[in-house]
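Please read the structure below before turning to the comments.
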Amino acid sequence: MKEFEFDSMEEFDGLFDSTDAKSVEEVSMTIFQGIKNAMDNGESEAELFSISFRNADDGLEVTLPKDQWGIALENCQKKFHQLELFDQAIDVYNLRKEIW
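Residues 226 to 325 in this note's numbering are what the sequence shown lists, from first letter to last.
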């Protein structure tokens, strides 16, 4: 599970900015790795993100149930293609084949 800690909501919003290639790559890779780890460990839910704010007491953990892994990986594969990260796209495709 990737841990993100933010100072502000603006910083949080920046991570999920679909116009920022670095953010798209980081989020897509985190989703891919979370699903891969869950599959490798035989889990039914993938742990993706831990999100917290430096000035807050509570945090949030983002998980994804197994029945949604296929569509999440398809989206990751599309993002990697758009970014021309073809090796990562192939890795995602190969993991998707294990779900089919």
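For every residue, glycine included, the Cβ atom is placed at its ideal position computed from N, Cα and C.
Check                                                                                                             : Outcome
Integer Cβ distance of L289 from A271, believed to fall under 8 Å                                                 : 5 Å
Whether T255 touches K227 by CB criterion (7 Å)                                                                   : yes
Nonlocal neighbours in the same chain, by C-beta distance under 6 Å from V287, ignoring five residues either side : L273 and F274
Complete alpha helix (DSSP H) runs within the region 229 to 312 (minimum length 4 residues, chain order)          : 234 to 240, 246 to 265 and 294 to 307
S277 vs E230 beta-carbon contact at 7 Å                                                                           : yes
Cα-Cα separation, M234 to F241                                                                                    : 11 Å
Alpha-carbon to alpha-carbon, G259 and R279                                                                       : 24 Å
Residue burial classification, F257 (beta-carbon count within 10 angstroms, cutoff 16)                            : buried
Anticipated Cβ contact below 8 Å, S253 with F305, distance rounded                                                : 6 Å
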